[in-house]
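Notes for the one structure printed next.
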Amino acid sequence: MVNLGKIIVIAGTPGTGKTSITRILSDKCGLKALNLSELAIEKGFITMYDEARNTYVINEEKLAQYIQELSRNIEDYVVIQTHYPEIIPGELVEKTFILRTHPLILEKRLVEREWSKRKVNENVMAEILGVVASNAVSVFGEDKVYEIDTSETKPEEVADLICSTIRGFTKLKPGVRIDWLTVLKPEEVLKFEDYMGSED
Ligand SMILES: Nc1ncnc2c1ncn2[C@@H]1O[C@H](COP(=O)(O)OP(=O)(O)OP(=O)(O)O)[C@@H](O)[C@H]1O
Ligand SMILES: [Mg+2]
Numbered sequence: 121m122v123n124l125g126k127i128i129v130i131a132g133t134p135g136t137g138k139t140s141i142t143r144i145l146s147d148k149c150g151l152k153a154l155n156l157s158e159l160a161i162e163k164g165f166i167t168m169y170d171e172a173r174n175t176y177v178i179n180e181e182k183l184a185q186y187i188q189e190l191s192r193n194i195e196d197y198v199v200i201q202t203h204y205p206e207i208i209p210g211e212l213v214e215k216t217f218i219l220r221t222h223p224l225i226l227e228k229r230l231v232e233r234e235w236s237k238r239k240v241n242e243n244v245m246a247e248i249l250g251v252v253a254s255n256a257v258s259v260f261g262e263d264k265v266y267e268i269d270t271s272e273t274k275p276e277e278v279a280d281l282i283c284s285t286i287r288g289f290t291k292l293k294p295g296v297r298i299d300w301l302t303v304l305k306p307e308e309v310l311k312f313e314d315y316m317g318s319e320d
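First residue of the sequence shown: 121, per my numbering; consecutive thereafter.
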């Protein structure tokens with residue numbers, strides 16, 4: 121018998137706090153936690169290496185199969201952090217938490233990583249447009265997608281909020297969307313528009 125809805129997804133643009141928050145959540149909430157990209161590399165669920173983008177291309181079918189097996193064999197929830205929530209089979213997912221960060225704060229966090237201007241702009245633009253959130257909503261539906269603003273909140277507080285929502289002491293509501301375009305001035309958006317063409 122397949123246990124449906126055992127997976128909790130933590131997703132978001134790079135730098136929104138997935139790794140920091142998932143680590144605390146796993147400890148506090150007593151849940152097994154996995155990083156989807158690390159899992160794919162560790163298990164060899166890779167089709168090729170994309171030299172241009174300096175990244176592995178994931179074998180999504182094998183990864184989805186593995187997650188299905190895992191959710192069958194584990195009693196409690198499993199937390200999976202990823203940039204690409206849409207890879208996880210929707211019927212296995214109970215809740216998806218999308219971490220959101222104010223684009224100007226995210227820019228600072230990514231610049232601190234010494235990423236190229238192009239890579240910073242590309243990711244900040246993805247956050248401005250809410251790419252991860254809208255993909256999650258289109259795959260899992262409004263009712264499974266919870267957005268959390270991590271700009272000013274400590275990772276511990278965010279992890280507490282997620283844990284209590286998972287365990288049913290609900291504080292968060294699904295379907296509440298964050299739209300940075302309503303918060304930013306036009307010039308603050310245009311600052312990141314050269315993300316497509318510029319060289320590293
Ligand atoms: N809620 C927060 N408040 C302040 N700083 C935070 C918060 N969450 C994360 N950070 C900081 O932001 C940085 C990025 O966090 P983290 O590495 O967890 O992001 P990530 O989403 O896992 O990124 P990636 O997708 O690249 O792995 C870290 O330096 C972390 O300390
Ligand atoms: Mg991370």
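Backbone N, C-alpha and C fix where the C-beta goes; we use that ideal spot for every residue, glycine too.
Counting along the chain, no alpha helix (DSSP H) covers residue 171, and no H or E run does either. Taking a contact as a CB-CB distance under 8 Å, the pair residue 259 and residue 206 counts as one, their CB atoms being some 5 Å apart.
Counting only the Cα atoms, residue 127 lies some 11 Å from residue 195.
Shown here, residue 314 sits in a helix according to DSSP, grouped into three states. Below 8 Å, too few C-beta pairs join the segment 284–294 and the segment 230–246 to call them touching: fewer than three. Nearest neighbour of residue 200 by Cα position, chosen from 216, 280, 298 and 236, turns out to be 216. In its chain, beyond the 5 residues on either side, 132, 133, 135, 136, 137, 229, 247, 269, 270 and 271 have a beta carbon closer than 8 Å to the beta carbon of residue 221. DSSP places residue 299 outside both helix and strand once states are collapsed to three, so it counts as coil. By the CB criterion at 9 Å, residue 265 and residue 257 fall inside the cutoff. Between the segment 174–181 and the segment 156–163 there are three or more C-beta pairs closer than 8 Å, enough to call the two in contact. Assignment of beta-bridge partners to residue 260 by DSSP yields no partner. Look at residue 126 here: in three-state DSSP terms it is coil, with no helix or strand label. Going by C-alpha positions, residue 236 is about 11 Å away from residue 227. Residue 138 has its CB nearer than 8 Å to a heavy atom of ligand 2. With a contact defined as Cβ atoms closer than 8 Å, residue 151 and residue 198 qualify at about 7 Å. Not a single heavy atom of ligand 1 lies less than 8 Å from the C-beta of residue 222. With 16 or more other CB atoms across the displayed protein chains lying within 10 angstroms of its CB, residue 250 is buried. Boundaries of the beta strand (DSSP E) around residue 216: 213–220. In the structure shown, residue 152 falls within a strand segment according to DSSP collapsed to helix, strand and coil. Contact annotation, residue 244 with residue 165: C-beta distance approximately 29 Å; criterion of less than 8 Å not satisfied.
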